[in-house]
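Numbering (my numbering), first residue to last: 939 to 1189.
We put the beta carbon where it would ideally sit given N, CA and C, even for glycine.
For reference, the structure is listed below as structure tokens.
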């Protein structure tokens, strides 16, 4: 365990910059959802008012492929990383370096924690999915983040976007190019986030989520992965045995 957590993948300065970027992004996402109608405008654009439905709701690409097939493929991939990490934990291979083990554990933990954290947060959300709203043929009011529910309304538990989380943990794959190739790692992270956003957008087309639901999922995924990358740096190094200090002093 010590070897796996001793080698940092990112310098402290890079971690601070990324943390600052996340801190700056959070109020922007909050402002978009709380103070603008961009969520509604984008949902209106894919809603057919004449028929009263989201035309993409049952489209094969968005429902069968995006919500079922792709989700299961990503879950199997996640389970593969988790299983490999557990196997290495039980039967560690001497040939695996500390950094290689650290990378594997970061990806495995991301595959577990990103979907889990988002799923838990959804349980405390009052926000509804678009297709549940009165505006789009449902029976629930539109409630923004941290707004109180009107009397008689029920919690929607639709924020953040759960389905996007099945893909957003892939941003952790960037660690396989750290620390030697940070630019490549950045490119991989951007591609993974773009893929996760696309997975989330398919559900927006169906009326399953608003844009900010997906943006919050992206933010949470980045925060979790950054924490996992930064955590080994915060681990105190093991002090040298007292005998070593004595021997050094004698020399």
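Residue 996 burial status per 10 Å Cβ neighbour count (16 or more: buried): Residue mapping note: residue 996 aligns to position 58 of the chain shown, counting from 1. Per the 10 Å Cβ criterion, exposed.
DSSP-derived helix/strand/coil call for residue 1176: Position 238 of the chain shown, counted from the first residue, corresponds to residue 1176. Interpretation of residue 1176 is limited by its pLDDT of 45, a score under 50 that renders its predicted location unreliable; the figure taken from the coordinates is listed afterwards. Of the three classes helix, strand and coil, the one that applies to residue 1176 here is coil, per DSSP.
For residue 999, the three-state DSSP class (helix, strand or coil): Within the chain shown, numbered from 1, the residue matching residue 999 stands at position 61. In the three-state reduction of the DSSP assignment, residue 999 falls in the helix class.
Rounded C-alpha distance that separates residue 1160 from residue 1078: Taking the first residue of the chain shown as 1, we reach residue 1160 at position 222. Taking the first residue of the chain shown as 1, we reach residue 1078 at position 140. When rounded, the distance between both Cα atoms is 31 Å.
CA-to-CA distance, residue 970 to residue 994, given in whole angstroms: Taking the first residue of the chain shown as position 1, residue 994 is located at position 56. Taking the first residue of the chain shown as position 1, residue 970 is located at position 32. Taking the straight line from one Cα to the other gives about 24 Å.
Complete runs of the beta strand (DSSP E) confined to the segment 1035-1098 [at least 3 residues]: none
DSSP state of residue 975 mapped onto helix, strand, coil: Locating residue 975 in the chain shown gives position 37, counting from the first residue. Per DSSP, reduced to three states, the secondary structure at residue 975 is coil, with no helix or strand assignment.
Residue closest to residue 1097, alpha-carbon to alpha-carbon, out of 1086, 949, 1063 and 1128: Sequence index remark: in the chain shown, residue 1097 carries index 159 (1-based). Nearest of 1086, 949, 1063 and 1128 to residue 1097, Cα basis: 1063.
Straight-line Cα distance separating residue 1025 from residue 1047: By one-based count along the chain shown, residue 1047 stands at place 109. By one-based count along the chain shown, residue 1025 stands at place 87. So the two alpha carbons sit approximately 14 Å from each other.
Check whether residue 1008 and residue 1113 have beta carbons under 8 Å apart: Counting from one through the chain shown, the residue named residue 1008 turns up at place 70. Counting from one through the chain shown, the residue named residue 1113 turns up at place 175. Cβ atoms of residue 1008 and residue 1113: not closer than 8 Å.
Beta-carbon proximity of residue 1149 to residue 976, cut-off 8 Å: Translated into positions along the chain shown, residue 1149 becomes position 211. Translated into positions along the chain shown, residue 976 becomes position 38. Going by C-beta atoms, residue 1149 is nearer than 8 Å to residue 976.
For residue 984, three-class secondary structure by DSSP: If you number the chain shown from 1, residue 984 lands on position 46. Coil, per DSSP.
Anticipated Cβ contact below 8 Å, residue 972 with residue 1082, distance rounded: Position 34 of the chain shown, counted from the first residue, corresponds to residue 972. Position 144 of the chain shown, counted from the first residue, corresponds to residue 1082. Correct: roughly 5 Å between the Cβ atoms.
Residue 1133, enclosing alpha helix (DSSP H) - first and last residue: Within the chain shown, the letter at position 195 stands for residue 1133. Note, residue 1133: alpha helix (DSSP H), 1120-1144.
Residue of 1052, 1109, 1069 and 1121 minimising C-alpha distance to residue 986: Against the chain shown, residue 986 aligns to sequence position 48. Among 1052, 1109, 1069 and 1121, the Cα nearest to that of residue 986 belongs to 1069.
At least 3 beta-carbon pairs within less than 8 Å: the segment 1006-1023 vs the segment 1101-1113: These segments touch.
Simplified DSSP state of residue 1186, which is helix, strand or coil: Translated into the one-based positions of the chain shown, residue 1186 becomes position 248. Since pLDDT at residue 1186 reaches only 43, below the 50 mark, its modelled position is unreliable, and the value read off the structure follows with that caveat. Of the three classes helix, strand and coil, the one that applies to residue 1186 here is helix, per DSSP.
Option nearest residue 963 by Cα separation, candidates 1050, 1153 and 951: Locating residue 963 in the chain shown gives position 25, counting from the first residue. The candidate whose alpha carbon is nearest that of residue 963 is 1153.
First and last residue of the uninterrupted alpha helix (DSSP H) at residue 1018: To locate residue 1018, count along the chain shown from 1; it is residue 80. 1008-1028 is the extent of the alpha helix (DSSP H) around residue 1018.
First and last residue of the uninterrupted alpha helix (DSSP H) at residue 990: Walking along the chain shown from the start, residue 990 turns up at place 52. Here residue 990 belongs to no alpha helix (DSSP H), and DSSP marks it neither H nor E.
Same chain only: Cβ atoms within 6 Å of residue 1176, ignoring 5 sequence neighbours per side: Stepping through the chain shown from its first residue, residue 1176 is reached at position 238. Any reading at residue 1176 must be qualified, since the residue scores a pLDDT of 45, below 50, and its modelled position is unreliable; the value itself is stated next. Cβ neighbours of residue 1176 beyond the five flanking positions: none.
Given 8 Å, three or more beta-carbon pairs between the segment 1085-1103 and the segment 1160-1169: no
Burial state of residue 1121 (16 or more Cβ within 10 Å): Numbered from 1 along the chain shown, position 183 holds the residue referred to as residue 1121. The residue in question, residue 1121, is exposed, as its Cβ has fewer than 16 Cβ neighbours within 10 Å.
Residue 1105 in three-state terms, based on DSSP: On the chain shown, position 167 is the one that residue 1105 refers to. Residue 1105 falls in the helix class under three-state DSSP.
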